[in-house]
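J.: Before we start, here is the structure in question, set down as structure tokens.
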Amino acid sequence: MKSNRFPSSDALIFNVSGEIVMSSDPGKTIKKWREEFNVTQKELSERMKINTSVISDYETGRRKSPGAQFLKSLVSSLIEIDAERGSPVQLKFSLGTEKDVILDIKEFFYDVDLQKFIRMIEGKEVSGLAMKRSIRGYTILDSLNAILKLTSFDYFRVYGWTSERALFFTNVEFGRSPMIAVRVHPIKPAVVVYIKPKRIDPLAIKLAEIEGIPLIITDLSPDQIKEKLKSI
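Quick look at the structure:
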């Protein structure tokens with residue numbers, strides 16, 4: 019019988035998948051999440067219709083990074099098993115996914131050159147780091163709510179499937195706090211964009227320079243940005 023999924027399951031799938039993809043040791047991270055869901059290798063392999071040894075090989079490092087289809091099947095299977103048990107894990111991690119924090123998130127179908135990206139959002143580079151790099155997605159965050167509400171777990175959702183993305187921040191006054199948050203987190207975006215900032219504190223620019231992350235400002239609204247980037 020098909021089980022009903024908890025409303026936050028898609029966000030959790032995104033989070034877990036993102037952490038495995040970004041991990042320096044995917045097998046260890048797979049094991050961590052399997053144990054978090056309290057699922058045995060046998061239960062997981064039966065749900066995925068594969069041999070138990072395949073799960074074991076990934077967790078011990080005998081097999082390297084899992085492919086997209088395998089990862090999708092693995093995470094979906096964990097979610098389904100959890101749902102059949104009353105969704106305890108999904109309930110546990112349902113906090114921190116409020117719409118007032120992550121306003122929009124998207125992966126691009128192809129790489130976008132940074133300079134083209136800046137032109138598309140009518141942006142201006144203020145950190146003096148007009149380097150060559152590609153953008154593969156974006157996330158729009160409410161600056162204040164992100165700082166107040168996001169946990170380390172939530173940050174994996176912020177980065178989606180790749181860190182080669184633009185992090186947009188709304189409601190920016192001076193720009194210090196968003197760059198401090200970026201600096202202390204181990205995963206770095208390709209570029210940071212402030213939406214209609216009141217002004218830019220020199221510290222924000224200095225932190226961008228230290229991290230080697232171009233800092234862009236734009237006067238477009240979040241809705242205008244989404245409209246500009248929807249074709250990518």
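Residue numbers for the sequence shown follow the working numbering, beginning at 19 and rising by one. C-beta: ideal position from N, C-alpha, C; glycine also. None of these values were measured; they are calculated from a predicted model.
Ignore the nearest five residues each way along the sequence and tell me which others in I136's own chain have a CB closer than 7 Å to its CB.
T.: By 1-based counting over the sequence shown, the position of residue 136 is 118. E143 and I234.
J.: Report all residues from its chain with a CB closer than 7 Å to the CB of L221; omit the five preceding and five following residues, and keep chain order.
T.: Along the sequence shown, one-based indexing puts residue 221 at 203. Here the set comprises R194.
J.: For S35, count neighbouring C-beta atoms within 10 Å of its own C-beta (all shown protein chains included) and say buried if the count is 16 or more, exposed if not.
T.: Translated into the one-based positions of the sequence shown, residue 35 becomes position 17. With 16 or more Cβ atoms within 10 Å of its Cβ, S35 is classed as buried.
J.: What span of residues does the alpha helix (DSSP H) with Y76 cover, start to end?
T.: Here residue 76 refers to the residue found at position 58 of the sequence shown. Unbroken alpha helix (DSSP H) run through Y76: T70 to T78.
J.: Answer with yes or no whether the minimum CB distance from L221 to chain D is below 8 Å.
T.: In the structure shown, chain D does not exist; there is a single protein chain.
J.: What residue does the alpha helix (DSSP H) around F88 start on, and which one ends it?
T.: As a position in the sequence shown, residue 88 is number 70, starting the count at 1. F88 -> alpha helix (DSSP H) spans A86 to E102.
J.: Three or more beta-carbon pairs under 8 Å between the segment 60-78 and the segment 206-214, yes or no?
T.: In short, these stretches do not touch, since the Cβ pair count stays below three.
J.: Skipping 5 residues on each side, what residues in its chain have a beta carbon closer than 8 Å to that of E54?
T.: Taking the first residue of the sequence shown as position 1, residue 54 is located at position 36. These residues qualify, in order along the chain: V107.
J.: Could you pull the start and end residues of the alpha helix (DSSP H) that G45 belongs to?
T.: Walking along the sequence shown from the start, residue 45 turns up at place 27. It spans P44 to E54 - the alpha helix (DSSP H) in which G45 sits, taken as one unbroken run.
J.: Report the rounded CA-to-CA distance for G85 versus S94, giving the unit in angstroms.
T.: Within the sequence shown, residue 85 is the residue found at index 67, counting from 1. Within the sequence shown, residue 94 is the residue found at index 76, counting from 1. Each residue's Cα considered, the two are about 14 Å apart.
J.: In whole angstroms, what is the alpha-carbon distance linking Y156 and A226?
T.: Here residue 156 refers to the residue found at position 138 when the sequence shown is read from its first residue. Here residue 226 refers to the residue found at position 208 when the sequence shown is read from its first residue. Their backbone Cα atoms lie some 18 Å apart in a straight line.
J.: Would you report the Cα separation of K124 and F32, rounded to the nearest angstrom?
T.: Taking the first residue of the sequence shown as position 1, residue 124 is located at position 106. Taking the first residue of the sequence shown as position 1, residue 32 is located at position 14. Each residue's alpha carbon lies about 12 Å from the other.
J.: Since N189 contacts S145 with CB under 8 Å, what's their CB separation in whole angstroms?
T.: Locating residue 189 in the sequence shown gives position 171, where the first residue counts as 1. Locating residue 145 in the sequence shown gives position 127, where the first residue counts as 1. Actually they are not in contact, since the Cβ atoms of N189 and S145 sit about 20 Å apart, beyond 8 Å.
J.: Do you know offhand how far G141's Cα is from I223's?
T.: Residue numbering aside, residue 141 sits at position 123 when the sequence shown is read from its first letter. Residue numbering aside, residue 223 sits at position 205 when the sequence shown is read from its first letter. Near 15 Å, if we compare the C-alpha coordinates of I223 and G141.
J.: With DSSP as the reference, label L168 as helix, strand or coil.
T.: As a working mapping, residue 168 is identified with position 150 in the sequence shown. Three-state DSSP puts L168 in coil, outside helix and strand.
J.: Using the three-state DSSP reduction, which class does E125 fall into: helix, strand or coil?
T.: Position 107 of the sequence shown, counted from the first residue, corresponds to residue 125. In this structure, E125 counts as strand in the three-state DSSP scheme.
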